Structure formats: structure tokens, C-alpha cells
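Engineer: Shown below is the structure under consideration.
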Amino acid sequence: MITSAAGTDNYIRCTGHCDMFQDEQDRWWGVCLGMRMRDSRFMMGRESFLVSGKWEQDGWPNIDTIEVTFSHHVKTTIIESPKSGLDWLYIRNANLQDHEIDDRSICLLPSKADLSRWQEPVSFVGKRQRKLEGHTSVILTASKDGLCRAGLVNYKDEHPYTRIWYDSGKRIVRFGVINNAKKILRGHEAKIENDIEELHLLMKYTKKQLVLQYMEKDGALETIGTFDTEELSNANFVGPIIGVFATSDSNCSPPVLFKNFRIDQ
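So, in C-alpha cells, the structure goes:
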């Protein structure tokens, strides 16, 4: 079945084909893709939606307006996964031996390629941003033995992304947002005056804006970048992945340790 939000002001837009099915109570449902769009902001890309419907005998199927929430009571069954970590995502053909992940930490061997490079593997791992409003945080352990750039990123692909990272060689924290399709490229940096062992990185997001912050151990929380989510909303269906990355110009940089990666899901 084909659905369309064309010519309407519905919040859920860019819908397409819909797969219909019946539940145990013979109620009809549809599953389709769509985008939450308001004022040219559609940061989440295309998502899956469940919608109620009807299909009378000898008639055509009919589905209700697709909404973010609905009032139907449904039974849910939680399937316990025997294996954790299935929601971790990499980009391109990752060198998996450069990534070590456990319940409390992530260890990345820095890659020479940065996030803007699509031809080569990048040391990056993250999870889907599943909530339109929430926050993600991580603790970066600063190494004194190597020169690298490591931090937290909201990544769609090599063209639109925003990140906050620590440059250990220059001892600065940087914020950057890039969207090649809209010719957006800007950032800001802050000098770290003292030697640090840990740096807390935080990303807050709402429908309208993203805020990137950092905090030295036992220090004050500092905001280094804020921008409108419209700047990362392109005419495509790509959704964001929030994760950590590590890059270096050297071939012998030591691994970078991230602790307590937390994302609202």
C-alpha cells in the first residue's frame, strides 16, 4: 500500500509504501517509513512508524493519519537477547581490531583517516540516536604519550556532522559543524591551560538545537557550541549516529580510552 503526506501539514512527512498485517484480535495495522518534519527541521531522518487501519472484506485497505503517538492499547513482548552489543554501529569498512568495547569502556586505536574521508576506515563506533530530545555523554581519558584528536560526534555521513573533540597535541577543545550540501563549515576552540587526565564531553539535543559542552575533572561545565538542527537537515533520509572517534597523523599513536558512554534511548 502507498501512503502520502503530500499537500498536508502533517508532522510525519515523506511517507512511502506501507506493509499491512493483522494482529491476534484481527485488527489491521500498517508499518511504514516517515520523517518528523517541522519548519524545515528533520534531524532524525526517516524512521519506522506503526499506524492503525482497516481492511473490510471486498474493500480497499485504509489507514489512519500517521502520528508520533496513538491511544491504542497493544501487548508487547520483550525478547531477551543472549548477546549484548548488537546496537553498536561502525562506519564504512571498519578495522574491527582497532575497536575494543566492553560494558564500561571503549578503546580505539586512532586512524589516520578522519570523519570526512569516505575512502578509508575511520576509528569510530556509536549508536543510533533514537530520541529527538535527550543527551549523550562520555569521559575521554587524555593520553600524554601520543598526539591525537578524539571526541564525541553526531554523525550522518561524511558530509553533515557535528562534533566536540580534544586535540592533545595543541591542548585545545574544539567544536565543529559541517554540512557540505549547505556550505556550512564553522567551529570554535578553547584552550586547556592545565594538564588533564579526563575530559567530560556532553551533547544535548532537542527538536530545534544541539548544544555541545565539556568539563574538566572537578571543573565547571562549559558550552563550546550551539546550533540549529536545521543546519544538519538535508534533503535525504539519513538519520544520525552518536558515537566516539579517534584520529591521528601518526602511525604509532597509543589507544584512546573512553569511559561511561551513555546515550538516551
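Anchor point for the sequence shown: position 144 equals 140 in our numbering, and the numbering is continuous, going up by one each time. In this text, a Cβ means the ideal position worked out from N, Cα and C, and glycines have one as well. Predicted, not measured: the structure shown is a model, and the values here were computed from it.
Check whether the Cβ atoms of P117 and R88 lie closer than 7 Å to each other.
Structural biologist: yes
Engineer: Alpha carbon to alpha carbon, how far is N256 from S48?
Structural biologist: 39 Å
Engineer: Helix, strand or coil: how does DSSP classify T11 here?
Structural biologist: In the three-state reduction of the DSSP assignment, T11 falls in the coil class.
Engineer: Are R37 and E226 touching if we call contact CB-CB under 7 Å?
Structural biologist: yes
Engineer: Within the continuous beta strand (DSSP E) that includes A146, where are the two ends?
Structural biologist: R145 to Y151
Engineer: With which residues is D163 paired in a DSSP beta bridge?
Structural biologist: R145 and I168
Engineer: For T4, which three-state DSSP category applies?
Structural biologist: coil
Engineer: What did DSSP end up calling A231 once you bin it into helix, strand or coil?
Structural biologist: coil
Engineer: Who are the near neighbours of K123 in its chain, counting only those whose CB is closer than 6 Å to its CB and skipping five residues on each side?
Structural biologist: D83 and I259
Engineer: Using CA coordinates, which residue listed in Q21, V169, A90 and P57 is at the minimum distance from L217?
Structural biologist: V169
Engineer: Contact check, E129 vs T202 under 8 Å by CB: the rounded distance?
Structural biologist: 5 Å
Engineer: Thinking N230 and N150 are a contact (beta carbons under 8 Å), I'd like their distance in whole angstroms, please.
Structural biologist: In fact, because the Cβ distance is near 14 Å, the residues do not count as touching under 8 Å.
Engineer: Whole angstroms are fine: how far does the CA of R126 sit from the CA of D163?
Structural biologist: Between the alpha carbons of D163 and R126 lies a gap of roughly 29 Å.
Engineer: Between which two residues does the beta strand (DSSP E) harbouring A242 extend?
Structural biologist: Looking at the DSSP string, the run of the beta strand (DSSP E) that includes A242 is I237 to T243.
Engineer: The beta strand (DSSP E) with R42 in it runs from where to where?
Structural biologist: R42 to K50
Engineer: Give the straight-line distance between the Cα atoms of G142 and T4, rounded to the nearest whole angstrom.
Structural biologist: Their Cα atoms are separated by approximately 55 Å.
Engineer: Relative to the C-alpha of Q261, which candidate in T132, D214, D15 and C28 has its C-alpha closest?
Structural biologist: T132
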